[in-house]
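Engineer: For reference, the structure I am asking about is given below.
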Amino acid sequence: MKDFHVIGKELSNDQAYGKVTGRLHYCGDMQAPGMLYIKLKHSTITHGMIRSIDTSKAEALPGVRAVYTCENTPDKRYDRGRVGPWESVPNQEQLFSRQVRFVGERVAAVAAESEEIAEEACRLIQVEYAPLPFVISVDEAEQDSAPRIHPDGNVYPTDPVDRGDYAAIQGALCHTSQSHISRMTHLAMETQSCRAGYNASEGTLTIWTGCQSVFGVRSTVAEFLDVPYSKVRVIKAPMGGSFGVRQETLLEPLTAYVAKDLQAEVRLVYTREEQIVNTMMKHSVDARVESKVQPDGTILGLSLSCRLDAGAYLTVSRDYASTMGEKINKVYRIPNLHFDGRAVCTNTPINGSFRSWGSCEVALCLENHWNMVARELGMDPIEFRLKNVHEPFEDELVHHVSVGNAHFRECLLRGREAFRWEERKAECARQNCAQRRYRYGVGMAVASHTSSFYPYRVDVASTTAKLQEDGSLILHVSVHDHGCGTIMALKKIASEVTQIPLDQILLQEADTRDCLYDHGCYASRTVYSLGTSVKTCCEKLMGILKSRAAAALSCTETILHYEDGIFFQETDKSVRISLPQVYEHSIRVLGQDVFCSVTTNAQASPGVPAAHFTYVQVDTYTGFTRVLDCLSVHDVGRAINPDLCRGQVGSGIQQGMGMALCEEIKISPKTGEALITNFKNYEVANAVDMPDYQVIFLEEDEPSGPFGAKSIGEVVLVPVAPAIVAAVNDALGTQLHHLPLTPAVILEALEAQNA
Amino acid sequence: MSGTAYLQPDTLEELQALLPSLPEKTAVLAGGTDLMPKLRARHPDYSCILSLWKIPQLRAVEEQEGWLKIGAMVTHAAAARDPRICRWFRGLSMACSHVGSQQIRNKGTLGGSLVNASPAGDIAPCVVLYHGEVELLGAGGTRRLTMDQFLSSDGRIDLKPGEILTAIWLPIDEALDSCFVKLGSRREVTIAQISLCAAWHTEDGTRTQIRAVAGAIDRRPCPFPNPQLLADQTQAEEAAQGLAQKIQEIRLQRTRPPKLKLTPAEQLYKERAAKGVVYDLLDAMEAANH
Amino acid sequence: MKLEFTLNGRPRTMEADGSKRLLDFIREDLHLTGTKEGCGEGECGACTVMLNGDAVHSCLTMVGQLDGGELWTVEGLEQNGELDAIQKAFIKKSAVQCGFCVSGMVMSIKALLLKNPNPTPDEVKMAIAGNICRCTGYREVKAAAQEAAQAQHGEGGEAL
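Residue numbers (my numbering), protein chains in the order written: chain A, 990 to 1744; chain B, 21 to 310; chain C, 497 to 656.
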């Protein structure tokens, strides 16, 4: 391993001091003179037209500044999923729609001097509805006779993917399986919040938001308000976790509209109920998997069909389904592929972006399937995978793009050994022999994810570096830290290149005023793409500095060396110049400032192999599954912040456990409303429930990544749930693929088994 | 809540003096752990909050003539570590030490739990088990009710407007041992789906005079069917079947299933899982004897 | 009502609405926004403060309950420019990610260590079971609690 200055060192999150002292301000903590507070009123019906809204009592309440409804706001459409103006998006949403399409949809907003007054005013608004026929279940929504939620119907198919010729495969065993994944909420600890302020003298609007794409927000808001992009400034505020929920533009158009309309500072902070109902949930997915496999376990073909419940507005759901198709060949070598998908609108809360965008859904469907196939072939699931996983630098089939320096095989082998797989398998068999109350099982799954947008879209990332008079450094790069320490990762990369100490580097989060364009921080691209951009920019800056140093020292660049902020001649170390001196020479003698900008464009998206192994105990009396131990092996290329990478693995395990075992937002079959709208009935693993876990990082440098780094933030979730499902099925001898495997589901299955 | 009067007497006497003139829409604040979410969710306009927070008498635990008097404002955390509760009413202390989170236990009170009367509350089954009584203070003085009198069969409580639950009285029986178990949906910080508590005497190494109560299966705590089957592990199956049957009867009397139980598997869950809780109870009883 | 209390070690007297949520009072009237609201119903622990030495949910507390009491919020832990041992340990052990649960976590651990300077790993887990974190698997948080306990021993059991 190379000897780095700061890369790979255990350093905390850049904002840790502000967070442990409570000094860091999230949007909901921000105050400004004369600030107004927005509260929302929500639909109480499933589907219908607003016949009338009486806001007179609300408007009369002292302290209320304005009430907004479909009667007095533009009926212009926008799209929460849009990032750039060139994108074609469904554009179904409005600030307030006269046609309400689910219980909980916002129908009015009040801006008042306090949240309490705004809330009270919302209660005073009276809405009269003319109900329309509605449809809750996806099965019914697909029928021709179903009520149409939007003029273009309820079903939105994706383009199918066909590679090779799946139908023509001969001489293989055909297996089919069905999986169901339920709706979840991200449960980011901070609820959504947004602040906007209008400066009437400048005619400018400033928006603070804990988002993942300041340029996406700006594009949506500027076009909605019909103001020049240059007059809208979006600043990325600290966010209390994302897991996908900050990816779309949700609160900003309304908050900005109110700020501009009232020429004031305004703030909107969601309640937890709004956070669950009015952001987006993780899609519920029904999938059918069919495969053709040789008796020796070689996979010849795969066919995946999936259907996503989009909820009441399509938003990103068709893209989400397409992405599943894009991701079906990231792990295994499969010569013949078929994928088809569709998103279906229903009169239920909206589903959308969730951590890993399709990777965890694909992994659940496929890994459940491969575990079933391996069992039917009498093969060990790891052996089955060793036969089929991609080798490093092999091309995947969907886009014919290399998986990069991806070590699937190594992940499996390291995990098998560290987890004592064979021993544990035998132990489970022995424990289960006794037919006692508790049964034990082991399970595993393997997965991958992206490191950039490539090749789905051109992945540009830009950095500007400006040396300061004292030799300190300011960097502008459009980074959106989700809380997992990406600012620190990028600063480390800059410090590694420039050898400028971390505490002398200022690298703030995305701000449309200061940063060059960027699509946003998702697809786990931050460290790989933005990191490459920062590294390239810093290298360019060092080149400029070196030439200026050579000019100052009247020597050639080739004889100059650089260490700890000093350029010097190897042959005569007394001939030296520090960064502040170089800067002074540049300004005062050469008349040139020291800065540079670069735009890099990722030409790869190396895979990030991950294998998860888990050991569970199932209580056959109560149906409870306890994860007793687990291990995640991740090929990360290079961990820039190893501690924070490990922390994220824990988060992925917690969320994956929830997906597999307990987390589900239930929807009323009668009204389509979310039946769970609080923490109380949505139980996630707490510190007592969370099992011990081990983490192994394989650090085989990715040649295209900054200092070898790839990605970590999303893949940590991907293999967890399927491994747990496999372990439960191993313990019980079942084939349960309808998640979550709650105690009720387990007891039902055992009942059926005994019958 | 602006415009709401906030009354916080410092003594029991001050409290009593306030009772005759309380506004009709008065909410009584004990720990606040149940009241506060209710106030927020339903926005009823209470014109007055009467806080019991500062009255020292309501925080006291005292022995009086063969009874242990537990002040209504004793928190779950305080009850869990009180040596007399641990000694004579171990089941109650077990229940208290697993109510909610540490933050909830630090603030939530035993009296508050009884008055809140949630079917899933962990305290009421214990008070029923010990044949405890509640003391109510009204404008006209105090009255003492058995749990049978206090809790009606539909889960409502006999607490008149302007009346405050001030204490729980539990009869002390030096020879009685007891324990408490619950099945939730997590290991900690979880609401009971089924809770069981049992009390017994031990004669010649055998459990006798066993009584047991089940919580969270009906609107109010239910007697455990055939508690004598809990004498040892040998009749566990039969004991479990009895409980399952009881839960089934309650389910069949319901006109519609609870809101969150959408599938048959969910509707049948409690009766199927009863076995696990009964075995847990027997394990806990066994452990208590050692 | 007239409210007398100590805030982070300093006596305060002020006029306040007794029925207001303590959380709102802390954030809006005391202007201390380190205490966060994650759920508003005592399930997530983000609003945890220390009242009379106990970790409690400020979202489930009325301002009147503070009268005559002693309140500590996360802002009070840093003394004379030096972070509390728990805050230092959170930074050192990388227990801080998005940070939204952190002030509540820190206050839960503060209350634990005051009562029990030498907690077992199980006691730590129980103390923070009501504090939900979605960014870590709690491992770093638990390690930080143990680290802080040890550090406090080193300082001879520093008092708050």
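Positions of the beta carbon are idealized from the N, C-alpha and C atoms, including for glycine.
Bear in mind that the values here come from a model prediction, so they are computed numbers and not experimental data.
#1: Where does G505/C land, buried or exposed, given buried means 16+ other C-beta within 10 angstroms?
#2: How is R176/B classed by DSSP in three states: helix, strand or coil?
#3: With three or more beta-carbon pairs closer than 8 Å as the criterion, would you say the stretch 1317-1334 of chain A touches the stretch 1189-1204 of chain A?
#4: Residues in the stretch 565-591 of chain C with C-beta within 7 Å of chain B's C-beta atoms, listed in sequence order?
#5: My guess is that C597/C and G541/C are in contact by the Cβ rule of under 8 Å, so how many angstroms apart are they, rounded?
#6: Less than 9 Å between the beta carbons of E636/C and A591/C, yes or no?
#7: Given V297/B, which residues of its chain have a CB within under 7 Å of its CB, disregarding the five upstream and five downstream residues?
#8: Do three or more CB pairs link the stretch 1637-1649 of chain A to the stretch 1016-1035 of chain A at distances below 8 Å?
#9: Would you call the stretch 1598-1608 of chain A and the stretch 1520-1539 of chain A in contact, with 3 or more CB pairs under 8 Å?
#10: Mapping the DSSP letters down to three states, classify E306/B as helix, strand or coil.
#11: If we count the other Cβ atoms within 10 Å of its Cβ and call it buried at 16 or more, is L280/B buried or exposed?
#12: Of all the CB atoms in chain B, is at least one closer than 9 Å to the CB of L1534/A?
#13: Do you know whose CA, among G577/C, A644/C, E539/C and G600/C, lies nearest T569/C's CA?
#14: What does the alpha-carbon distance come out to for the pair G158/B and Q28/B?
#15: Which residue wins for smallest C-alpha separation from E153/B, given the options Q123/B, G86/B, F170/B and D197/B?
#16: Can you give me the Cβ contacts of L1240/A inside the same chain, cut-off strictly under 6 Å, excluding the 5 residues immediately before and after it?
#17: Does chain A have any CB closer than 9 Å to the CB of T632/C?
#18: Where does Q248/B sit, in a helix, a strand or coil, going by DSSP?
#19: Just to make sure I have the definition right: I need the residues of chain B whose C-beta is within less than 7 Å of the C-beta of K1655/A. Which are they?
#20: How long is the line joining the alpha carbons of Y1443/A and F1085/A, rounded to whole angstroms?
#21: Where does the unbroken beta strand (DSSP E) through F1232/A begin, and where does it stop?
#22: Under the DSSP definition of a beta bridge, which residues are partnered with P243/B?
#23: 9 Å is my cut-off, CB to CB: does Q642/C come that close to chain A?
#24: Using a beta-carbon distance below 9 Å, is S599/C in contact with chain B?
#25: Would you verify that the beta carbon of R1428/A is, or is not, closer than 9 Å to some beta carbon of chain C?
#26: What separation, rounded to the nearest whole angstrom, lies between the Cα atoms of G262/B and T1044/A?
#27: Which residues, in chain order, does the stretch 991-1002 of chain A contribute to contact with chain C at a C-beta distance below 9 Å?
#28: What in chain A is Cβ-close to T210/B, meaning under 8 Å?
#29: How close, in whole Å, do the beta carbons of P1680/A and D1618/A come, if the pair is a contact with beta carbons under 8 Å?
#30: Chain A partners of A625/C, CB-CB under 7 Å?
#31: Our contact map puts E1383/A next to V1392/A with C-beta atoms below 8 Å; I'd like the distance itself, whole angstroms only.
#32: If the cut is a Cβ gap below 8 Å, which residues of chain C does P57/B touch?
#33: Under 8 Å Cβ to Cβ from S604/C, same chain only, skipping five residues before and after it: list those, please.
#34: With DSSP collapsed to three states, give me the class of H553/C.
#35: Could you say which of L1303/A, G1509/A, T1515/A and V1714/A lies nearest to E1356/A if we only look at CA atoms?
#36: When you compare the CB positions of I1158/A and N1325/A, do they come within less than 9 Å of one another, or not?
Structural biologist: Put simply:
#1: Here the question's residue 505/C lines up with position 9 in the third sequence. Result: exposed.
#2: By one-based count along the second sequence, residue 176/B stands at place 156. Correct three-state label for R176/B: coil.
#3: no
#4: none
#5: By 1-based counting over the third sequence, the position of residue 597/C is 101. By 1-based counting over the third sequence, the position of residue 541/C is 45. The pair is a contact, with the Cβ atoms about 7 Å apart (cut-off 8 Å).
#6: Counted from its first residue, the third sequence places residue 636/C at position 140. Counted from its first residue, the third sequence places residue 591/C at position 95. Yes.
#7: Locating residue 297/B in the second sequence gives position 277, where the first residue counts as 1. If we look at V297/B and ignore the five residues flanking it on each side, its Cβ neighbours are V201, L203, I214 and L216.
#8: no
#9: no
#10: Indexing the second sequence from 1 puts residue 306/B at position 286. Three-state DSSP puts E306/B in a helix.
#11: Along the second sequence, one-based indexing puts residue 280/B at 260. Burial call: exposed.
#12: If you number the first sequence from 1, residue 1534/A lands on position 545. No - not a single Cβ of chain B is within 9 Å of the one on L1534/A.
#13: The residue labelled residue 569/C in the question sits at position 73 within the third sequence. Closest option to T569/C, Cα to Cα, is G600/C.
#14: Counted from its first residue, the second sequence places residue 158/B at position 138. Counted from its first residue, the second sequence places residue 28/B at position 8. Near 16 Å, if we compare the C-alpha coordinates of Q28/B and G158/B.
#15: Stepping through the second sequence from its first residue, residue 153/B is reached at position 133. Measuring from the Cα of E153/B, the nearest candidate turns out to be F170/B.
#16: Taking the first sequence and counting its residues from 1, one reaches residue 1240/A at position 251. The answer, listed in chain order, is Q1181, C1183 and L1257.
#17: For the purposes of this step, residue 632/C is taken as residue 136 along the third sequence, with counting starting at 1. For T632/C, the answer is yes, since a Cβ of chain A falls inside 9 Å of its Cβ.
#18: If you number the second sequence from 1, residue 248/B lands on position 228. In the structure shown, Q248/B sits in a helix (DSSP, three-state: H, G or I).
#19: Taking the first sequence and counting its residues from 1, one reaches residue 1655/A at position 666. Going along chain B in sequence order, the residues near K1655/A (Cβ under 7 Å) are L280 and L282.
#20: Mapped onto the first sequence, residue 1443/A falls at position 454. Mapped onto the first sequence, residue 1085/A falls at position 96. Their backbone Cα atoms lie some 36 Å apart in a straight line.
#21: Numbered from its first residue, the first sequence carries residue 1232/A at position 243. Per DSSP, F1232/A belongs to no beta strand (DSSP E) and is neither H nor E.
#22: Taking the first residue of the second sequence as position 1, residue 243/B is located at position 223. V233/B, per the DSSP bridge assignment.
#23: If you number the third sequence from 1, residue 642/C lands on position 146. It does not; no Cβ of chain A falls within 9 Å.
#24: What you label residue 599/C is simply residue 103 of the third sequence in a count that begins at 1. So no, S599/C is outside the interface.
#25: Counted from its first residue, the first sequence places residue 1428/A at position 439. Answer no: the Cβ-Cβ gap between R1428/A and chain C never drops below 9 Å.
#26: Along the second sequence, one-based indexing puts residue 262/B at 242. Along the first sequence, one-based indexing puts residue 1044/A at 55. Approximately 58 Å, taken between the alpha carbons.
#27: E999, L1000, S1001 and N1002
#28: Looking up residue 210/B in the second sequence gives position 190. Going along chain A in sequence order, the residues near T210/B (Cβ under 8 Å) are E1672.
#29: By one-based count along the first sequence, residue 1680/A stands at place 691. By one-based count along the first sequence, residue 1618/A stands at place 629. Yes, P1680/A and D1618/A are in contact; Cβ-Cβ is about 6 Å, under 8 Å.
#30: Counting from one through the third sequence, the residue named residue 625/C turns up at place 129. Here the neighbours are N1675, A1676 and V1677.
#31: As a first step, residue 1383/A is located in the first sequence; it is residue number 394 there, counting from the start. As a first step, residue 1392/A is located in the first sequence; it is residue number 403 there, counting from the start. The pair is a contact, with the Cβ atoms about 6 Å apart (cut-off 8 Å).
#32: Position 37 of the second sequence holds residue 57/B. G536, E537, G538 and L556, listed in chain order.
#33: On the third sequence, position 108 is the one that residue 604/C refers to. So the qualifying residues of the chain are G541, T544, A551, A623, I624, G626 and N627.
#34: Counting from 1 along the third sequence, the entry for residue 553/C is found at position 57. Three-state DSSP puts H553/C in a strand.
#35: Within the first sequence, numbered from 1, the residue matching residue 1356/A stands at position 367. The candidate whose alpha carbon is nearest that of E1356/A is V1714/A.
#36: As a working note, residue 1158/A is residue 169 in the first sequence. As a working note, residue 1325/A is residue 336 in the first sequence. Contact: yes.
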